[in-house]
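In the working numbering, the protein residues as written are 122 to 608.
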Amino acid sequence: MKKLFVVLSIVLFISGILSVSLVSDQFVDAGSRKKIHFTETITSTQDLGLGHENHQLALILSPNKGTLYDGSMTFTSSEPVQLVVLHEIIPQQAKGQATWSVDGKTVYGLSLIDLDKKSGSFEFTGAALALHSSNSKEFTATVSVDGWIRGQPTEVIMQKIELEKEEPSLMLSRTNVAATIPMHKGIYNGNQVLYIITDGSDENFTKLLSEQQGWKVELAPVLGTIPDNSLQKLFIFKNGIKGDGIYGFQDEVLSSTPSQQSEYSALSSVIEVKWKTGQKEIVFSSAEEIIAAKEAGRVEFNETGIVLNTPQIVWPDGQMKIRSEKEITNDMPYNGGQITEINKKELTVTFVAHRGWGPQGETIYYIVTDATPSGPAETMGVASSPKSANLIAHAGAVDLFQFKNGIKGTGPLGFQPGIAGASLGDANYSPMWRIYLVEWNDAKSAQILETKSDIDSFKIDKLVTVSIARPTNSDHIVNCPFIDPFQ
122 MKKLFVVLSI VLFISGILSV SLVSDQFVDA GSRKKIHFTE TITSTQDLGL
172 GHENHQLALI LSPNKGTLYD GSMTFTSSEP VQLVVLHEII PQQAKGQATW
222 SVDGKTVYGL SLIDLDKKSG SFEFTGAALA LHSSNSKEFT ATVSVDGWIR
272 GQPTEVIMQK IELEKEEPSL MLSRTNVAAT IPMHKGIYNG NQVLYIITDG
322 SDENFTKLLS EQQGWKVELA PVLGTIPDNS LQKLFIFKNG IKGDGIYGFQ
372 DEVLSSTPSQ QSEYSALSSV IEVKWKTGQK EIVFSSAEEI IAAKEAGRVE
422 FNETGIVLNT PQIVWPDGQM KIRSEKEITN DMPYNGGQIT EINKKELTVT
472 FVAHRGWGPQ GETIYYIVTD ATPSGPAETM GVASSPKSAN LIAHAGAVDL
522 FQFKNGIKGT GPLGFQPGIA GASLGDANYS PMWRIYLVEW NDAKSAQILE
572 TKSDIDSFKI DKLVTVSIAR PTNSDHIVNC PFIDPFQ
């Protein structure tokens, strides 16, 4: 719990609402009325009204039981604003009208005048006066008020009040969910590999794979632009010995595994292999055997130009880490592994799918399969893939923004969920993510950001600093395929 000390202008018999009033001590007795006149510059804060949590409010005259303000006000603001006038009512009088309340018990009638201007003058009568913005961006306003207070209060005093307030946090529902994905059998140097296919650069091929495995392979055309130094080879057989391969023949052969850390990449260049007529067909056990057979004229290659995302789950000398706790909860940490089960009999693997936001604020889910450098990969319990570092300045990697401070939440660093620079169906979508860190320059003023444009706007206003993540002073790329865990 964080203790906040707030100096409030309050009135005897004040309602339970704690707010900073700009009513000064410039009062003149006039029977049952008191004169009010002041000019102040105020900065908005989060609107405490129910249903207004993502809005901003600059309170000018605070609501006080038995009090009615009337007069005129002139303002200028850094952002277009709305005028708020509250009216003292009892809950039973609401009867469908617009209302404002902090606790649902003390209710005020709400007049919300959409000025959509940065300045103006008007007359008002009501139990409270404020400026309001329906977005989450803080604004500053200078106001001049000339008017009267009618009725209570009869005395104004200054008090220091101690409040206890929890640090702001954001907990999304279904933050982490299970995603069960089919595995394929492959071969590396005579040993079995189990891998998944999550994304592909060719539309027709991704449709074929989706139908075949009964789980959608997402289209990511930018994978087709990734250079060879970030890829391994995946040999798929068009004929030969019958088997469980993609085309119904022997299992696919891969050219590297996570055991060869300097060589491994989850991104695979698809090479179709076809036996020539009259050749004795065998089951190949390694990439070297296949290349030798081509050089001997026994098989021919079709270098398709298709790139697939084929993260390996089990390989000859190891496998992805399985979490010790199997129950998936909203607040589970990112470390300790990304999968809860490898079912070799059913050829399925169950990942923890993490929830975040797409560039327009849409909900996305993603899994984590491998990363570079090795430190973050080990912490998350995934394979290390140094070749991915070659994508740091390439269009095959897309920006993913994670929050370094601010609102507590379920993001990987313990703050609000991240925001991606692309989403499924976007032309620039890729499962390979270049990580950026968003840091609030003043953590106390942090708000919930939901879109890429939010980040851009707050960066321009110098409210946040955005920097590329470089753990251990190394290029940082994470393989985070976006998926639909509910398919």
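Glycine included, each C-beta is placed from N, C-alpha and C at the ideal position.
One Cα belongs to Asp320, the other to Pro552, and the distance between them is close to 7 Å.
The alpha-carbon of Leu340 is positioned some 57 Å away from that of Ser265.
Secondary structure of Met553 (DSSP, three-state): strand. Contact annotation, Asp235 with Gln213: C-beta distance approximately 28 Å; criterion of less than 8 Å not satisfied. In this structure, the CA atom of Glu384 is about 25 Å from the CA atom of Tyr550. Excluding residues up to 5 positions away in sequence, Gln353, Glu384, Tyr385 lie with their Cβ nearer than 6 Å to the Cβ of Ser377 in the same chain. The residue from Glu560, Asn600, Ile589 with its alpha-carbon nearest to that of Lys583 is Glu560. Close CB contacts of Thr197 within its chain, under the 8 Å cut and outside five residues either way in sequence, are with Lys239, Ser240, Ala262, Thr263 (chain order). Considered as a whole, the segment 317 to 348 harbours 324 to 334 as its complete alpha helix (DSSP H) runs of no fewer than 4 residues, in chain order. Contact between Lys156 and Trp269 holds, with the beta-carbon distance rounding to 6 Å and staying under 8 Å. Taken through DSSP and simplified to helix, strand or coil, Phe196 comes out as strand.
Under the DSSP assignment, Asp491 falls in the beta strand (DSSP E) whose first and last residues are 491 to 493. By DSSP's assignment, Gln523 forms a beta bridge with Leu558.
The C-beta of Glu259 has 16 or more other C-beta atoms within 10 Å across all chains shown, which makes the residue buried. If you ignore the 5 residues before and after Ala564, its C-beta comes within less than 8 Å of the C-beta of Asn526, Gly527, all in its own chain and listed in chain order. The C-beta distance from Ile463 to Gln433 rounds to 12 Å, too long to fall under 8 Å, and the pair is not in contact.
Arg555 is a Cβ neighbour of Val519, given a cutoff of 8 Å. In this structure, Leu291 lies near Ile569, with their beta-carbon atoms less than 8 Å apart. Looking at the backbone, the Cα of Lys580 and that of Asn511 are separated by about 27 Å. Between Arg271 and the set Leu189, Thr425, Gln167, Ile443, the nearest pair of CA atoms involves Leu189.
For Leu233, the closest C-alpha among the options Gly225, Lys226, Phe245 is that of Phe245.
Proximity to Phe522 across Thr450, His597, Thr500 peaks at His597, based on C-alpha coordinates.
Look at the segment 167 to 211 and you find these whole runs of beta strand (DSSP E), each 3 residues long or longer: 177 to 182, 188 to 209. Here the alpha carbon of Gln218 sits roughly 10 Å from the alpha carbon of Tyr229. Within the model, the alpha-carbon separation for Gln381 versus Arg419 is close to 29 Å. Boundaries of the beta strand (DSSP E) harbouring Lys239: 229 to 247, taken from the DSSP string. For Ile485, the uninterrupted beta strand (DSSP E) segment begins and ends at 484 to 487.
Counting along the chain, Ser509 sits inside no beta strand (DSSP E), nor does DSSP assign it H or E at all.
A distance below 7 Å between beta-carbons, with the five flanking residues on each side excluded, links Glu483 to the following residues of its chain, in chain order: Ser544. When the five nearest sequence neighbours on each side are left out, the beta carbons in the same chain lying within less than 8 Å of the beta carbon of Pro303 are those of Ile317, Gln334, Gly335, Trp336, Leu468, Thr469, in order along the chain. Shown here, Glu499 sits in a helix according to DSSP, grouped into three states.
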